[in-house]
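Numbering (this note's numbering), first residue to last: 31 to 179.
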């Protein structure tokens, strides 16, 4: 069994979280409700926003490590697609567990724009996953793959 690359997983988590954050910042330009995960986290926990930012990037990094360990070699397709498929799990967990804990209700039912919140979350998570998959696979040369075939 091939070992994971923790440094690459860390990079993938940071890059994927940055991509998701950019998508969230652009949400209003796409007709979606404003979404700031760091602000939501800090408000829920009653801590300064900077702590919400730290938590946001920590969660993204942990998810990328989980992707590296459990999904990077088991899911079908090119790396970006494997990451995208993986991202559907944290998206679903956010909708059915985290949203209700934070008071938004399952699938954001208690928010003013549930459909927009759910779609914005889905777009952000898919972007996160695609970037995580692509970055984590980066550096895996085709020469190394064919040498072991």
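A virtual CB, placed ideally from N, CA and C, is assigned to each residue, including glycine. Since the model is a prediction, treat every value here as computed from it, not as a measurement.
Quick test of your reading: residue i and residue j, contact by CB under 8 angstroms. State the CB separation rounded to the nearest angstrom.
i, j, result
"residue 97", "residue 116", "5 angstroms"
"residue 85", "residue 71", "5 angstroms"
"residue 154", "residue 109", "At roughly 19 angstroms, the Cβ-Cβ gap does not stay under 8 angstroms, so residue 154 and residue 109 are not in contact."
"residue 138", "residue 147", "4 angstroms"
"residue 46", "residue 159", "7 angstroms"
In the DSSP assignment, find the alpha helix (DSSP H) that holds residue i and state where it starts and stops.
i, result
"residue 127", "Where residue 127 is concerned, there is no enclosing alpha helix (DSSP H), given that its DSSP letter is neither H nor E."
"residue 90", "79 to 96"
"residue 73", "67 to 75"
Which of helix, strand or coil does DSSP assign to residue i?
i, result
"residue 155", "helix"
"residue 131", "helix"
"residue 109", "helix"
"residue 38", "helix"
"residue 63", "coil"
"residue 102", "coil"
"residue 172", "In this prediction, residue 172 scores a pLDDT of 44, lower than 50, which makes its location untrustworthy; the coordinate-derived value is nonetheless stated afterwards. In the structure shown, residue 172 sits in a helix (DSSP, three-state: H, G or I)."
"residue 23", "This structure does not reach residue 23, given that the chain is present from 31 up to 179, and the question cannot be answered."
"residue 58", "helix"
"residue 120", "helix"
"residue 141", "coil"
Any heavy atom of the ligand ADP closer than 8 angstroms to the beta-carbon of residue i?
i, result
"residue 75", "As presented, the structure is devoid of all ligands, the ligand ADP included, so that no description of it is given."
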